[in-house]
Ligand SMILES: *[C@@H]1O[C@H](CO)[C@@H](O)[C@H](O)[C@H]1NC(C)=O
Ligand SMILES: *[C@@H]1O[C@H](CO)[C@@H](O)[C@H](O)[C@H]1NC(C)=O
């Protein structure tokens, strides 16, 4: 897809999102509680920063909190971008996607499993730019339920997609290398990141057909 096409689909999706939801309507009013993002963290804001994370698996639609996808829809990583008046050109941002139900929602022994981690995303990012193209990929996109995962993988997994602002632009965002048992809080503490600025949750049905 050309950058121009991406720009158009993102703008169309965004304008339709705003017109359907209305800018003033909060997510809490429109979606079930279980589908909200990290409620206790996000609720710590008096005023939510005006930064929106767009995660788009299809050309004509981006994830709305709580959407469920099949395995075959998520083989390729989504198109991910950031938009908002509170993105600062001088700052850098971190995007992380974690499966909080690995290996399965009943016994999530491996929680959290990192599926994507991009740091040093420039604050001047445009809607037609993918975070990975204007940042540094720390963990490349990891397709859900790849062969080397465990046979016990099943159920519907929740994938949290979060954005943090770096305290120092250009800092070396470090990561201990274990994509399983990843602690978001530890990662945030070690890298001095603070609360998430934006986030979106989608789910993947691991019982769906993968081809
Ligand atoms: C939020 O950011 C968007 C994109 O930059 C902008 O169009 C919109 O006016 C901003 N909203 C507020 C309330 O500042
Ligand atoms: C990041 O790490 C590299 C290599 O270890 C080092 O040369 C560089 O100074 C570090 N940058 C910052 C901003 O700490």
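Residue numbers (mature numbering (1 follows the signal peptide of the UniProt record, and there is no 0)): -22 to -1, 1 to 189.
By construction, the Cβ of each residue, glycine as well, lies at the ideal position given by its N, Cα and C atoms.
When the Cα of residue 109 is compared with those of 72, 132, 76, which residue comes out closest?
-> That would be 72, whose Cα lies nearest to the Cα of residue 109.
If you measure from each residue's Cβ to the nearest non-hydrogen atom of ligand 1, which ones come out under 5 angstroms, in chain order? After applying the 5 angstroms Cβ criterion, the set is 28, 62, 63.
Can you check whether the CB of residue 135 is closer than 8 angstroms to the CB of residue 181? Yes, Cβ-Cβ distance for residue 181 and residue 135 is below 8 angstroms.
### Message
Taking a contact to mean a Cβ-Cβ separation below 8 angstroms, would you say residue 68 touches residue 101 in this structure?
### Response
Taking 8 angstroms as the Cβ cut-off, residue 68 and residue 101 qualify as a contacting pair.
* Name the residue from 150, 41, 81 whose alpha carbon lies nearest to the alpha carbon of residue 113. => Of 150, 41, 81, the residue nearest in Cα terms is 150.
Cut-off 6 angstroms between Cβ atoms - residues of its own chain near residue 63, not counting five sequence neighbours on either side:
Result list for residue 63: 28, in chain order.
**Asked** residue 114 bridges to which residues according to DSSP?
**Response** DSSP, once it has assigned bridges, lists 97 as partnering residue 114.
Take the Cβ of residue 138 as the centre, count every other Cβ of all protein chains shown within 10 Å, and call the residue buried at 16 or more, exposed below. Residue 138 is buried by the Cβ-count criterion.
Handout entry: Cβ pair residue 157, residue 91 closer than 8 angstroms
Key = A contact, by the Cβ cut-off of 8 angstroms.
According to DSSP, is residue 156 part of a helix, a strand, or is it coil?
In the structure shown, the three-state DSSP call for residue 156 is coil.
Practice problem: Please name the residue in 131, 168, 77, 47 whose C-alpha comes closest to that of residue 145. | Solution: Shortest Cα-Cα distance from residue 145 to any of 131, 168, 77, 47 involves 168.
How long is the line joining the alpha carbons of residue 170 and residue 116, rounded to whole angstroms? Counting only the Cα atoms, residue 116 lies some 16 angstroms from residue 170.
Discussion item. Please report the straight-line C-alpha distance between residue 30 and residue 58, rounded to a whole angstrom.
Written reply: Residue 30 and residue 58: Cα-Cα distance of roughly 11 angstroms.
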